[in-house]
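Engineer: Dropping the structure in here first, questions after.
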Amino acid sequence: MDIGDKSWMYLSRSADEYENGVKDFLNKAFERASLGNEILCPCKLCINCYWHYRDVVENHLFGHEFVPNYTQWVFHGEGISSTNIPHPRHEGNEGVKQGLSDDKHDDIDKLLHDAFRNVEDDQRHEGHGGIR
Numbered sequence: 036m037d038i039g040d041k042s043w044m045y046l047s048r049s050a051d052e053y054e055n056g057v058k059d060f061l062n063k064a065f066e067r068a069s070l071g072n073e074i075l076c077p078c079k080l081c082i083n084c085y086w087h088y089r090d091v092v093e094n095h096l097f098g099h100e101f102v103p104n105y106t107q108w109v110f111h112g113e114g115i116s117s118t119n120i121p122h123p124r125h126e127g128n129e130g131v132k133q134g135l136s137d138d139k140h141d142d143i144d145k146l147l148h149d150a151f152r153n154v155e156d157d158q159r160h161e162g163h164g165g166i167r
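Residue numbers (our numbering): 36 to 167.
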């Protein structure tokens, strides 16, 4: 399949051309834009926001079809460098791309302290002590 010809994407999902197109898309996407064994799922439900394994993405594309107007596969290695793809932060992942943290946890204690610091200060002023 020519990468420029994407007319198959919006054909009937039972058409042979659609099936062949999905398989070719998955081959290219996993070659160019995977993180481990996952890619962003371009189905209508996931809209390139959720990472899934090949069989899940394939099932989604046959069950829910492609997100409308996704004709330049920017999340799947077309027209961009793979370092620009928003990979999830997996702890200890050797495939983490340039500029992304290896730590999958935010500093939750600091975030909570920042969010509730005024509550703690208000309780101290009222004589209730700190948050327990």
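Using N, Cα and C, we set each Cβ at its ideal position, and we do this for glycine too.
Tell me which same chain residues have a C-beta within less than 6 Å of the C-beta of Tyr105, skipping the five on either side of it?
Structural biologist: So the qualifying residues of the chain are Pro77.
Engineer: Which residues bound the alpha helix (DSSP H) around His87?
Structural biologist: Element bounds for His87: not the alpha helix (DSSP H) but the beta strand (DSSP E), 86-88.
Engineer: From the DSSP secondary-structure annotation, give me the bridge partner or partners of Glu73.
Structural biologist: DSSP, once it has assigned bridges, lists Leu70, Tyr88 as partnering Glu73.
Engineer: Tell me the rounded alpha-carbon separation between Tyr53 and Lys63.
Structural biologist: Rounded to whole angstroms, Tyr53 to Lys63 spans 15 Å at the Cα level.
Engineer: According to the neighbour-count rule (16 or more other Cβ atoms, all chains shown, within 10 Å of its Cβ), is Val109 buried or exposed?
Structural biologist: Classification for Val109: exposed.
Engineer: Starting from the Cα of Leu61, find the closest Cα among Ala50, Leu75, Ser49, His99 and give me that residue.
Structural biologist: Cα-wise, what sits closest to Leu61 is Leu75.
Engineer: Would you call the CB atoms of Ala150 and Gly112 closer than 8 Å?
Structural biologist: Against a cut-off of 8 Å, the Cβ pair of Gly112 and Ala150 comes out as no contact.
Engineer: Does the beta-carbon distance from Glu100 to His87 come in below 8 Å?
Structural biologist: Cβ distance not < 8 Å, so Glu100 and His87 don't count as in contact.
Engineer: Measuring CB to CB, does Phe65 end up less than 8 Å from Arg89?
Structural biologist: The answer is yes: Cβ separation under 8 Å.
Engineer: For Asn94 and Leu70, what's the separation of their Cα atoms in angstroms?
Structural biologist: Cα-Cα distance, rounded: 19 Å.
Engineer: Could you give the C-beta distance for Val102 and Ile82, rounded to a whole number, given that I count them as a contact under 8 Å?
Structural biologist: Between Ile82 and Val102 the Cβ distance is about 5 Å, and since that is below 8 Å, they are a contact.
Engineer: From Lys41 to Tyr85, what distance separates their C-alpha atoms?
Structural biologist: The straight-line gap from Cα to Cα measures roughly 22 Å.
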